[in-house]
Amino acid sequence: MRRGLTLILLALPALGTAQQSSAPSPVAEPPRADTSKPPLARISLDEAIRLALQHNHALLAARTTILQNQAQEITANLRPNPVLSWDSQFFPLFNPSQFSADYLENQAQFDVGIGYLFERGKKRQHRLQAAKDQTAVTRATVTDNERQLTFNVSQQFIAVLLAQSTLDLARQDYDSFRKTVDISESRFKAGDMSEGDLLKIKLQLLQFQADVSTAKLAKVQALTSLRQFLGFESVADDFDVDGDLDYQPVHAGLDDLKALALRSRPDLMAAHLSVTAAHSQATLAEANGKRDLNATFDYTHTAGINSGAFFFNIDLPIFDRNQGEKARTRYAITQSEELQNETAQQVLTDIVDAYEAVTSNDQIIKLYRGGFVDQAKQSRDITEYAYKRGAASLLDFLDAERTYRANQLAYRQALASYMTALEQLRQAAGTRSLP
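Below, the structure is given as structure tokens:
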């Protein structure tokens, strides 16, 4: 009973101090230990997204498809080339003795002609329109690739923030527990602690050292993965991120987000444009079903007489009227319309899933910020205060330390999960500006 009363009396000052603050402890970044080194190149999330959009090689490769389609527009708008033809007839190859200027003038025949293909049905205009519509689809698809890349960069950026926050916590715990080890050694020398308890304390310190090393490795790996999205040549080898795990509540309603996504999603825009492109292909197929006219003018010199002739020819559309391509393009229109409907449903599904993920993580964050974070810290501080004065057992202190660390790690992971869910909601809405 006397030991219990002593523990309570020792704990009251620490408890009173801890209860003065009701707000949760912020996830802060401690100053760097080595201030002699030059500051690292630190980038924010917006800067990381900008670098990725400028230097990511996969995205740069995708953008070349727009240029390729624009080159196809040039090809589609080209007119047919004129055809030049000529021939010489009635040469005395087997009687060379007859070969003379008089023979060429009066006996031989020379023909020179120029021909041109007249396209009917406005084929060139329809080809150009179909190529432009396909370029629009490609451009929207590349924009959707940018949306996906933005989410990947944001997700990996948050992973770096979580790794940095975990590393900060591991360092703080190690420094704090190092002081506890020093106090325990003093108590052991004074005969107030057994050697077995001192060894337990030192073994626990080894675990904190391992946690620091593991957190450092996780930070390096997260930065490397982020650098791959940004482009290795776009940032320095020793770059770092600038930011903290933060909580930003979402005030937009689900219906507003759905309407925003239906207006902003580039993949849905690409699906709409694909329907337009399918109609253009169908119109082109109809035009290709019309036969073109070949016209040729020939100049002829025969037996001393100069003459001219006109030739015209056109296919008779008896068998081949481009029936197969016309049917295929009609089915392609139906396919594009169904894919458009499927994409619209996928957009709504993405919004609902992302919104529910944000809502669920928001509830978890509110639980932590409502008192669980402070309560775990208060419990750890009280037990540490009592242990350093001999009023609490080693097992009680180690248990309180583990509980505090687990609570802090869970809180940081909850913040990272919420931020990731928020980025997923932005990706689902097709814009980073949410209402």
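Residue 436, in our numbering, is where the sequence shown stops; the numbers in between run on with no holes.
Just so you know, even glycine gets a beta-carbon here, dropped at the ideal spot from N, CA and C.
Please read these numbers as outputs of a predicted model, since none were measured by experiment.
Whether T167 touches L423 by CB criterion (8 Å): Counting from one through the sequence shown, the residue named residue 167 turns up at place 166. Counting from one through the sequence shown, the residue named residue 423 turns up at place 422. Result no, Cβ atoms of T167 and L423 do not sit closer than 8 Å.
CA-to-CA distance, A53 to M420, given in whole angstroms: In the sequence shown, counting from the first residue as 1, residue 420 sits at position 419. In the sequence shown, counting from the first residue as 1, residue 53 sits at position 52. M420 and A53: Cα-Cα distance of roughly 19 Å.
Check the C-beta distance from I115 over to F298 and give it rounded, since I have them as a contact under 8 Å. One-based indexing of the sequence shown puts residue 115 at position 114. One-based indexing of the sequence shown puts residue 298 at position 297. Correct: roughly 6 Å between the Cβ atoms.
Whole angstroms is fine: what's the gap from Q157's alpha carbon to Q341's? Within the sequence shown, residue 157 is the residue found at index 156, counting from 1. Within the sequence shown, residue 341 is the residue found at index 340, counting from 1. Their backbone Cα atoms lie some 31 Å apart in a straight line.
Among all the DSSP beta bridges, which residues are the ones paired with N96? As a working mapping, residue 96 is identified with position 95 in the sequence shown. In the DSSP output, where bridge partners are listed per residue, N96 has none listed.
Option nearest T76 by Cα separation, candidates Q130, S101, L200: Taking the sequence shown and counting its residues from 1, one reaches residue 76 at position 75. Nearest C-alpha to T76: Q130.
Is L163 near the ligand SAM, going by C-beta to nearest heavy atom under 7 Å? Within the structure as shown, the ligand SAM is missing, as the structure has no ligands at all.
Are the CB atoms of L435 and L426 nearer to each other than 8 Å? On the sequence shown, position 434 is the one that residue 435 refers to. On the sequence shown, position 425 is the one that residue 426 refers to. A contact, by the Cβ cut-off of 8 Å.
What residues in its chain sit with their C-beta under 8 Å from that of A29, if we drop five residues either side in the sequence? For the purposes of this step, residue 29 is identified with residue 28 of the sequence shown, where counting begins at 1. Any reading at A29 must be qualified, since the residue scores a pLDDT of 36, below 50, and its modelled position is unreliable; the value itself is stated next. If we look at A29 and ignore the five residues flanking it on each side, its Cβ neighbours are D169, D245.
Would you decide whether Y405 is buried or exposed? Buried here means 16 or more other CB atoms lie within 10 Å of its CB. As a working mapping, residue 405 is identified with position 404 in the sequence shown. Y405 is buried by the Cβ-count criterion.
Going by DSSP, which residues form a beta bridge with Y117? As a first step, residue 117 must be located in the sequence shown, where it is residue number 116. Y117 pairs with A296.
Taking 8 Å as the threshold (C-beta atoms), are L207 and V161 in contact? On the sequence shown, residue 161 is found 160 positions in, with the first residue counted as 1. On the sequence shown, residue 207 is found 206 positions in, with the first residue counted as 1. Taking 8 Å as the Cβ cut-off, V161 and L207 do not qualify as a contacting pair.
Sort out for me which residues DSSP pairs S86 with in a bridge. The sequence position of residue 86 within the sequence shown is 85, counting from 1. S86 is bridged to G114.
Drop a sphere of 10 angstroms on the beta-carbon of H58, count the other beta-carbons inside from all chains shown, and report buried for 16 or more, exposed for fewer. Indexing the sequence shown from 1 puts residue 58 at position 57. It is exposed - the Cβ of H58 has fewer than 16 other Cβ atoms within 10 Å.
Where D239 falls: helix, strand or coil (DSSP): Here residue 239 is taken as the residue at index 238 of the sequence shown, counted from 1. Coil at D239, not helix or strand.
Sub-8 Å separation of A219 and A164 beta-carbons: As a working mapping, residue 219 is identified with position 218 in the sequence shown. As a working mapping, residue 164 is identified with position 163 in the sequence shown. The answer is yes: Cβ separation under 8 Å.
Have a look at the DSSP bridge pairing and note the partners of N307. Taking the sequence shown and counting its residues from 1, one reaches residue 307 at position 306. According to DSSP, which records beta bridges pairwise, N307 is partnered with H302.
Secondary structure of N153, DSSP reduced to three states: Here residue 153 refers to the residue found at position 152 when the sequence shown is read from its first residue. N153 falls in the helix class under three-state DSSP.
Determine the direct distance from the alpha carbon of Q336 to that of Q1, and round the result to whole angstroms. Not covered by the structure: residue 1. The range shown for the chain is 2 to 436.
Across the segment 272 to 279 and the segment 84 to 100, are there enough close Cβ pairs to call them in contact, namely three or more that are closer than 8 Å? no
Between W87 and R121, what straight-line distance do the alpha-carbon atoms span, to the nearest angstrom? Residue 87 sits at position 86 when you count from the first residue of the sequence shown. Residue 121 sits at position 120 when you count from the first residue of the sequence shown. Roughly 27 Å separates the two Cα atoms.
Counted within 10 angstroms of its Cβ, other Cβ atoms place A430 as buried (16 or more) or exposed: For this step, residue 430 is matched to residue 429 along the sequence shown. The residue is buried, with at least 16 neighbouring Cβ atoms inside 10 Å.
In whole angstroms, give me the CA-to-CA distance for D440 and Q414. As displayed, the chain neither begins before 2 nor continues past 436, which places residue 440 out of reach and without an answer.
Give the DSSP-derived three-state secondary structure of F209 in the structure shown. By one-based count along the sequence shown, residue 209 stands at place 208. Looking at F209 - three-state DSSP - the assignment turns out to be helix.
Do you know how far the Cα of F240 is from the Cα of V221? As a working note, residue 221 is residue 220 in the sequence shown. As a working note, residue 240 is residue 239 in the sequence shown. Going from the Cα of V221 to the Cα of F240 covers about 11 Å.
Report the rounded CA-to-CA distance for S281 versus D321, giving the unit in angstroms. Taking the sequence shown and counting its residues from 1, one reaches residue 281 at position 280. Taking the sequence shown and counting its residues from 1, one reaches residue 321 at position 320. Cα to Cα, the separation comes out at about 21 Å.
Apart from the five residues just before and just after S195, which ones in its own chain have a Cβ nearer than 8 Å to its Cβ? To locate residue 195, count along the sequence shown from 1; it is residue 194. Only F189 meet the Cβ criterion.
Relative to the alpha-carbon of N307, which residue among Q364, S155, E106 has its alpha-carbon at the smallest distance? For the purposes of this step, residue 307 is taken as the residue at position 306 of the sequence shown. It is E106.
Backbone secondary structure at F313 - three-state DSSP: As a position in the sequence shown, residue 313 is number 312, starting the count at 1. Reduced to three states, the DSSP call for F313 is strand.
DSSP puts R264 in a beta bridge; with which residues? By 1-based counting over the sequence shown, the position of residue 264 is 263. Its beta-bridge partners do not exist; DSSP assigns none.
Length at least 4, wholly inside the segment 307 to 376: the alpha helix (DSSP H) runs in chain order: 324 to 368
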